[in-house]
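Peer 1: All the letters of the sequence shown, read from the start, carry residue numbers 357 to 965 under the numbering used here.
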Amino acid sequence: MAYPSLKVAALDLERHGKLIRISTEVDPNLEMAEIHRRVFEAGGPALLFERVKGSPFPALSNLYGTFERTEFLFRHTLERVSKVIELKADPANLMKRPTRYLSAPFTALSALPMRVRSAPILYGTTTIDQLPQVKSWPMDGGAFVTLPQVLTLPPGSRNIMQSNLGMYRIQLSGNEYELNREVGLHYQLHRGIGIHHTEYNKSEEPFRCSIFIGGPPSHAFSAIMPMPEGLSELTFAGMLGGRRFRYLRRDGHILSGDADFVITGIIRKDIKKPEGPFGDHLGYYSLAHDFPVMEVEKVYYRKDAIWHFTVVGRPPAEDSSFGYLIHKVVELLTPQEFPGIVEINAVDAAGVHPLLLAIGSERYMPFRERKPEEILTQANRILGSGQTSLAKFLFIAAQGDVPGLNTHDIAGFFQHILQRVDWRRDLHFHTRTTIDTLDYSGTGWNEGSKVVVACCGPARRELATTLPSDFSLPVGFSNPCFVMPGVLAVEGPAFSSYTAYADCTTLTEHLRGADLAGVPLIVLTEDSDFLAAALNNFVWATFTRANPSHDLHGVDSFVEHKHWGCRGPLLIDARVKPHHAPPLIPDPEVTKRVDALFAKGGALAEVKG
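(1) Please classify S676: does DSSP put it in a helix, a strand, or coil?
(2) Could you work out which residue in V843, L590 and W896 is closest to D704 when comparing CA atoms only?
(3) Report buried or exposed for Q775, applying the criterion of at least 16 other Cβ atoms within 10 angstroms of its Cβ.
(4) So for I697, helix, strand or coil by DSSP?
(5) Can you find the residues in the same chain that come closer than 6 Å, C-beta to C-beta, to T748, ignoring five residues on each side of it along the sequence?
(6) Do three or more CB pairs link the segment 829-841 to the segment 739-755 at distances below 8 Å?
(7) Going by beta carbon distance, what residues of the same chain come within less than 7 Å of T947, once the five residues before and after it are set aside?
(8) Alpha helix (DSSP H) containing V364: first to last residue?
(9) Measure the alpha-carbon distance for G965 versus H392 and round it to whole angstroms.
(10) Run through the segment 378-409 for me and flag every whole beta strand (DSSP E) of 3 or more residues, listed as ranges in chain order.
(11) Comparing C-alpha positions only, which one of R719, R436 and L507 sits nearest to M357?
(12) Assuming R868 contacts G924 under a Cβ cut-off of 8 Å, what Cβ separation, rounded to an integer in Å, is found between them?
(13) In this structure, does DSSP put Y543 in helix, strand or coil?
(14) Less than 8 Å between the beta carbons of K409 and E381, yes or no?
(15) For G957, which of helix, strand or coil comes out of DSSP?
(16) I believe D929 touches C860 by the beta-carbon criterion, under 8 Å. Please report the beta-carbon distance rounded to the nearest angstrom.
(17) Among H906, V655 and D871, which has the Cα closest to the Cα of G480?
(18) For Y640, which residues of its own chain have a beta-carbon under 6 Å away from its beta-carbon, when the five flanking residues on both sides are left out?
(19) Between the alpha carbons of M388 and F413, how many angstroms are there, rounded?
(20) Just the Cα atoms here: how many angstroms apart are S612 and M523?
(21) Would you please state the rounded distance, in angstroms, between the beta carbons of I376 and F405? I believe it to be under 8 Å.
(22) In angstroms, rounded to a whole number, what distance separates the CA positions of G597 and M470?
(23) With a threshold of 6 Å on Cβ separation, who are the neighbours of L407 within its own chain once the five nearest residues in sequence on each side are excluded?
(24) Which residues mark the beginning and the end of the beta strand (DSSP E) in which W920 is found?
(25) From this set, V777, K659 and S745, which residue's C-alpha is nearest G618's C-alpha?
(26) Rounded C-beta distance between M595 and E589? I'm assuming under 8 Å.
(27) Among the residues of its own chain, which have a CB less than 6 Å from the CB of H866, if the five just before and after it don't count?
(28) What does Q692 pair with, by DSSP beta-bridge criteria?
(29) Run through the segment 598-630 for me and flag every whole beta strand (DSSP E) of 3 or more residues, listed as ranges in chain order.
(30) Nearest to P360 by alpha carbon, out of P401, L429, L761 and R394?
(31) How many angstroms separate the CA atom of P740 from the CA atom of L478?
(32) Is the beta carbon of G608 closer than 8 Å to that of R564?
(33) Of the choices W801, S834 and G813, whose alpha-carbon is the least far from that of N903?
(34) Please give me, in chain order, every unbroken run of the beta strand (DSSP E) with length at least 3 that falls completely inside the segment 740-767.
(35) Checking the sheet assignment: what are the DSSP bridge partners for F568?
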């Protein structure tokens with residue numbers, strides 16, 4: 357069905373047993389987030405907080421909390437949208453299968469944004485301090501909008517089809533912001549709204565901005581969706597929602613007619629203030645940095661408005677469903693965006709950008725030894741394109757070495773790589789480059805390195821699950837544990853500095869000559885048992901805490917014509933470093949209060965679902 361509002365979507369979920377109401381008053385300062393996290397982890401329902409302390413507005417979270425519920429929300433439109441994307445990927449499909457794709461052009465045309473004269477969003481106005489001040493983690497700099505839809509137009513344009521709609525986090529309070537007069541916006545100047553910012557810096561025109569919260573569920577998703585060329589976010593929102601995106605103009609600003617809230621204002625072109633810290637999707641805080649400020653003009657809301665929010669943190673979290681749905685929608689666009697690439701997976705459990713897995717096509721020189729050649733070209737394309745350019749570790753395998761290879765079978769993919777990789781040849785570094793601004797494992801803010809691990813051909817080794825009887829570790833190292841076949845976690849002393857890499861040199865020199873043919877990868881950590889306890893622990897701790905140029909070492913390593921490799925196992929130093937951002941840890945007092953709510957006889961005893 358087409359949802360005209362967030363409230364109608366919530367009622368639909370409630371009718372189908374997929375949403376529950378929380379009538380007890382709950383504090384938006386940490387308590388709502390703690391409740392959300394517990395219900396999400398239990399695979400529970402969407403949550404409608406009917407009484408939010410300090411605000412007259414109810415709040416909704418965990419709307420997309422399971423893949424099944426996300427598909428349910430778009431059950432009537434997802435197939436039609438997929439057809440449009442398929443046709444976008446290959447227009448010849450219309451001639452090949454006209455009966456399947458005949459309706460696709462009409463789906464897109466009938467979803468174009470529609471200007472209206474009046475809309476529910478004009479019901480009333482309020483102030484920033486009356487909105488639910490949701491703070492998710494103890495060190496957060498204030499309250500944030502975590503599912504905003506931020507719309508801007510380039511200078512001189514009134515054409516809605518030239519707008520950019522993106523999800524850039526918004527800080528409502530705290531730090532140096534003047535409450536009710538200023539909010540902070542977190543974005544980089546090379547993306548979306550940032551490009552508009554650069555253009556406005558050259559213009560005398562004020563930089564108007566509109567922030568939408570809520571509205572039909574397709575609207576938030578469209579703000580984060582990587583759009584195919586020529587398809588606007590607003591048109592996509594209309595297609596996925598089964599209802600055209602309605603908008604109107606007030607005081608020079610564009611308002612979403614169906615949103616629950618709209619904050620309008622002017623972004624200061626040359627003035628920035630500290631934004632953050634913020635508990636982010638890598639599982640650590642992004643720290644306070646200077647970002648643009650918006651002077652608030654008005655805060656609109658609709659009748660029966662619901663504040664839509666989520667809680668981000670170490671993945672998987674509710675926003676994992678965005679990645680799941682994006683994969684379903686754009687899977688067929690991968691060969692168009694990355695020629696030769698068969699499949700790609702930004703690993704959610706590793707925080708998305710730190711770890712990318714891919715399968716490519718290796719067709720060069722078919723009559724000689726099979727080795728990585730074409731897939732290296734494809735890897736460079738991946739690291740030079742859009743969001744995938746933020747990848748830090750890229751593991752790419754060639755199609756055809758084994759049937760059924762799948763990047764979403766993470767354990768299976770790693771074992772395929774580790775059976776075949778040749779560390780003397782298959783490591784390719786990009787040093788002193790840019791990485792994700794949320795990743796603090798590098799040499800500075802937005803500074804770090806990348807590595808491509810590219811392999812193909814027959815298996816070189818059997819992966820071990822036990823150590824040889826004469827295996828030993830140097831003093832200060834202990835508790836070797838197998839994470840999976842071929843991957844050994846080893847506890848080491850606390851990291852002190854990169855000077856001479858003393859700890860890693862001590863370990864690699866000690867292991868030189870050891871019988872470790874079946875152990876191609878060793879991970880140095882503070883807690884081997886934690887890494888070995890779950891696959892998600894391994895990918896999260898290893899790839900969020902390592903900077904390839906500084907933290908990759910090897911047994912019997914060498915440099916040959918500026919190429920670094922090793923003849924023995926590769927060592928990844930995944931210990932916590934002093935320059936890393938703090939991990940996300942709940943407030944113990946809040947945890948106790950929420951424990952009482954969920955305990956037998958507590959107000960939320962039946963909520964977990």
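We treat Cβ as the ideally placed atom computed from N, Cα and C, and that holds for glycine.
Peer 2: A quick look at the data gives this:
(1) helix
(2) W896
(3) buried
(4) coil
(5) The amino acid at residue 748 is misidentified as Thr; the sequence shows Lys. Once the five neighbours on either side are set aside, the close Cβ partners of K748 are P710, I791 and K806.
(6) Segment contact: the segment 829-841 against the segment 739-755, fewer than three CB-CB distances shorter than 8 Å; contact not assigned.
(7) E390
(8) L362 to R371
(9) With a pLDDT of only 47 at G965, under the threshold of 50, the placement of this residue in the model should not be trusted; the figure read from the coordinates follows. Going by the C-alpha atoms only, they are around 12 Å apart.
(10) 402-405
(11) R436
(12) 7 Å
(13) DSSP places Y543 in coil when its eight states are reduced to three.
(14) yes
(15) coil
(16) 6 Å
(17) Comparing Cα-Cα distances from G480 to each of H906, V655 and D871, the minimum goes to V655.
(18) Setting aside the 5 residues that flank it on each side, Y640 is surrounded in the same chain by A937 and P939, each with a C-beta closer than 6 Å to its C-beta; the list follows chain order.
(19) Approximately 14 Å, taken between the alpha carbons.
(20) 15 Å
(21) Incorrect: roughly 10 Å between the Cβ atoms, too far for contact.
(22) 14 Å
(23) In the sequence on display, residue 407 carries Arg and not Leu. Scanning its chain for C-beta atoms nearer than 6 Å, with the 5 sequence neighbours on each side dropped, one finds around R407 the residues E381, in chain order.
(24) Membership of W920 in the beta strand (DSSP E) is indicated by the continuous run H919 to C922.
(25) The residue asked about is misnamed: residue 618 is Val in this sequence, not Gly. The shortest C-alpha separation from V618 is found at K659.
(26) Between E589 and M595 the Cβ distance is about 11 Å, and since that is not below 8 Å, they are no contact.
(27) P830
(28) BP columns for Q692 are empty, so no partner.
(29) 602-606 and 609-612
(30) L429
(31) Just to set this straight, residue 740 is Gly in the shown sequence, not Pro. So the alpha carbons of these two residues sit roughly 43 Å apart.
(32) yes
(33) Checked all of W801, S834 and G813; the closest Cα to N903 is W801.
(34) With a minimum length of 3 residues, the continuous beta strand (DSSP E) runs that stay inside the segment 740-767 are 749-754.
(35) According to DSSP, which records beta bridges pairwise, F568 is partnered with Q505 and V618.
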